[in-house]
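J.: Following the numbering used here, the numbering of the sequence shown begins with 60 at its first residue and continues without gaps.
This is the structure, below, for whatever I ask next.
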Amino acid sequence: MPMLQINLLSGYNSGLKQRMTKALTAVIAGITRAKPEAISIWIHEVESFNYSRGGQARQPGIGASDPTLLVHDYLMAMEQRELDKAQGFLGENFVMTFPGSGNLTSLSQLVEWSKGRYRFVTKTLISTNVAYEMDKVVVFVNGTLAGEWPDGTAFDGVRFIDRFEICDDRLLRQDVWNDLATVQP
């Protein structure tokens, strides 16, 4: 029965603390094979006036946005062709790759590259998985694609996986794998 206690400066919102305990529970379960319901986590909050580092009182940092929501909001903006909104999710040196595309560094490149491949694509998300690494967060989204080929013929049920790298609440990289080539007329 693993138990974990966390000391945290007061000031983080409850949503961030819930994400933290859920992620830590998943890590502990994965490493120890303990059932999640047997894992206890306590967060002890400390007021900033009761804490110092280097002789200086400290304030809590700005917590990261939920990476799942960040990716889902970006994908929705792309699907609705709200390119300016989608651009707001991207880091300065964002790179994306799609099957056969090579590295693309702008949304306008993506739109130009995809013109001859399909009229539009929508995504149905089946699952989203988050992996926290020391220097970034990696989010995997998988599901199915539907849309129209350039000649207007519909397609659906095409598998895809998107892998995103996130740092400082910005998408740095998107790698896409899908089966469009196996169903293309």
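Ideal placement from N, C-alpha and C gives every residue a C-beta, glycine not left out.
Quick caveat, the model's predicted, so the values are computed rather than measured.
Per DSSP, which one or two residues make a beta bridge with ASN40?
T.: Residue 40 lies beyond the stretch modelled for the chain, which goes from 60 to 244, so this question has no answer here.
J.: Quick one: what's got a C-beta closer than 8 Å to LEU184's C-beta in the same chain, skipping five residues either side?
T.: Taken in chain order, the residues that qualify are HIS131, LEU134, VAL200, ASN201, GLY202.
J.: Assign LEU128 to buried or exposed, taking buried as 16 or more other Cβ atoms, counted over all protein chains shown, within 10 Å of its Cβ.
T.: Counting Cβ neighbours within 10 Å, LEU128 comes out exposed, since fewer than 16 surround it.
J.: Is any beta-carbon of chain C found at less than 9 Å from that of SER73?
T.: Among the chains of the structure shown, chain C does not appear; only one protein chain is present.
J.: Output needed for VAL235: all residues of its chain with C-beta closer than 6 Å, excluding positions within five of it in sequence on either side, in chain order.
T.: Correct list, in chain order: PHE157, ASP221.
J.: Taking the C-alpha atoms as reference points, what is the distance between GLY147 and MET60?
T.: C-alpha separation (whole angstroms): 43 Å.
J.: Please state whether DSSP places ALA123 in a helix, a strand or coil.
T.: It is coil, neither helix nor strand.
J.: Distance check for PHE214 and PHE179, CA to CA, integer angstroms please.
T.: If you take the alpha carbons of PHE179 and PHE214, they lie about 10 Å apart.
J.: Confirm, please, whether the CB-CB distance from VAL105 to ASN66 is below 9 Å.
T.: In contact: ASN66 and VAL105 (Cβ atoms closer than 9 Å).
J.: Could you compute how far the alpha carbon of ARG92 sits from the alpha carbon of ASN237?
T.: Roughly 32 Å separates the two Cα atoms.
J.: Give the range of the beta strand (DSSP E) segment to which GLN64 is assigned.
T.: Unbroken beta strand (DSSP E) run through GLN64: 62-68.
J.: Under the rule that 16 or more other beta-carbon atoms within 10 Å means buried, what is THR84, buried or exposed?
T.: The residue in question, THR84, is buried, as its Cβ has 16 or more Cβ neighbours within 10 Å.
J.: Kindly list the residues whose CB is nearer than 7 Å to the CB of LEU169, restricted to its own chain and excluding five residues on each side of it in sequence; keep chain order.
T.: Contacts found: MET155, LEU163.
J.: On the DSSP bridge assignment, give the partners of PHE214 in chain order.
T.: According to DSSP, PHE214 bridges with GLY206.
J.: Using 9 Å as the threshold, is the C-beta distance between ARG176 and LEU239 below it?
T.: A contact, by the Cβ cut-off of 9 Å.
J.: Who pairs with TYR191 in a beta bridge, going by DSSP?
T.: Per DSSP, VAL196.
J.: Note down, in chain order, each residue of its chain lying with its Cβ closer than 6 Å to the Cβ of THR187, except the 5 sequence neighbours on either side.
T.: Closer than 6 Å at the Cβ level, and outside the excluded window around THR187, lie THR127, VAL200.
J.: For ASP125, I'd like the list of residues in its chain whose CB is within less than 8 Å of its CB, leaving aside the five on either flank, ordered along the chain.
T.: The answer, listed in chain order, is GLY74, ARG78.
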